[in-house]
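Reading the sequence shown from the start, the letters are residues 1 to 101 in full-length UniProt numbering. Okay, so here's the structure we're looking at.
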Amino acid sequence: MDYSMHLHHFESPEDEDKPFDMEEPNFFGLSIAYDPYMREVVKAKQFTTCGGDGGRSICGGLGIFLGFLPCSPHCKPEVQEDKELNGDYDFYRPIIRVEMT
């Protein structure tokens, strides 16, 4: 296994407590889509999530590289039909929507 990619859930034993490359904040101080297990709630009225897939790709056998595809910014938001938050895999950020006129 290639531990040099520094991916969450695939760390070498000596790097267990260190932050991973994808966890590091960007220029704006945000850490976005760094864990393929975590889904970010992006709309509350129509329960929509973006980001991780709850680990389905990794646990489904896609492996270390393809398992992180749900973290891609090209992953489209999904409307969740069950409308139930999963406390282990769903999170949200407080935001202020700015209307552009």
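Glycine is no exception: its CB is placed at the ideal position from the N, C-alpha and C atoms. Here the structure is a predicted model, which is why all the values come from computation and not from measurement.
Nearest-angstrom Cα separation, counted from residue j out to residue i
i, j, result
"Ala33", "Val42", "12 Å"
"Pro70", "Ser57", "8 Å"
"Glu24", "Asn86", "24 Å"
"Leu66", "Asp35", "13 Å"
"Pro94", "Ser31", "14 Å"
"Met44", "Arg97", "In the sequence on display, residue 44 carries Ala and not Met. Using only the alpha carbons, I get a separation of about 13 Å."
"Met100", "Gly61", "43 Å"
"Gly55", "Gln80", "16 Å"
"Glu40", "Phe68", "15 Å"
"Ile64", "Asn26", "23 Å"
Beta-carbon separation (whole angstroms), residue i vs residue j, contact threshold 8 Å
i, j, result
"Met38", "Tyr89", "6 Å"
"Phe28", "Lys83", "Not quite, the Cβ-Cβ distance comes to about 30 Å (not below 8 Å), so this is no contact."
Bridge partners - residue i, DSSP secondary structure assignment
i, result
"Thr101", "The partner list for Thr101 (beta bridge, DSSP) is empty, contrary to what the question assumes."
Taking 8 Å as the cut-off, does the region 74-89 touch the region 43-53 (at least 3 CB pairs, one atom from each stretch)?
yes
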